[in-house]
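Numbering (the numbering used here), first residue to last: 949 to 1035.
Built from N, CA and C at the ideal position, the CB exists for glycine as well.
Predicted, not measured: the structure shown is a model, and the values here were computed from it.
Accompanying notes for the structure given below.
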């Protein structure tokens, strides 16, 4: 998390890697202080290799979890259960 917010490191780094400046990132994520965005970008640039590995691992884990959830609880079954509860 960045600066005590719910914004993740991944979110800021992804925006930076898409070409957004620190100012643009802070504008798009107004909950972040510009100084916090600069701190994340500086930390990322100093530790790029390590963080790139970490971010790929997080993305892989997230995809595996998503697949597992979809396998174990298909959305159609979930939708049917939720609709049944409403009735």
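What does a CB cutoff of less than 6 Å around residue i pick up in its chain, not counting 5 residues either side in sequence?
i           : result
residue 982 : 974
Pull up the distance between the alpha-carbon of residue i and that of residue j, whole angstroms please.
i            : j            : result
residue 991  : residue 1011 : 26 Å
residue 1034 : residue 1021 : 19 Å
residue 951  : residue 1009 : 24 Å
residue 964  : residue 1032 : 44 Å
residue 1007 : residue 999  : 12 Å
residue 958  : residue 1019 : 26 Å
Closer than 8 Å by C-beta to residue i: which residues in its own chain qualify, once you throw out the five before and the five after it? Chain order, please.
i            : result
residue 955  : 949, 977, 979, 980
residue 1014 : none
Considering only the beta carbon of each residue, do residue i and residue j sit closer than 8 Å?
i            : j           : result
residue 1001 : residue 960 : no
Please return the same chain residues whose Cβ sits closer than 7 Å to the Cβ of residue i, not counting the five positions on each side in sequence.
i           : result
residue 953 : 979, 980
- Sequence ranges, alpha helix (DSSP H) only - wholly within the stretch 966-1033, length at least 4: 970-976, 982-994, 996-1020
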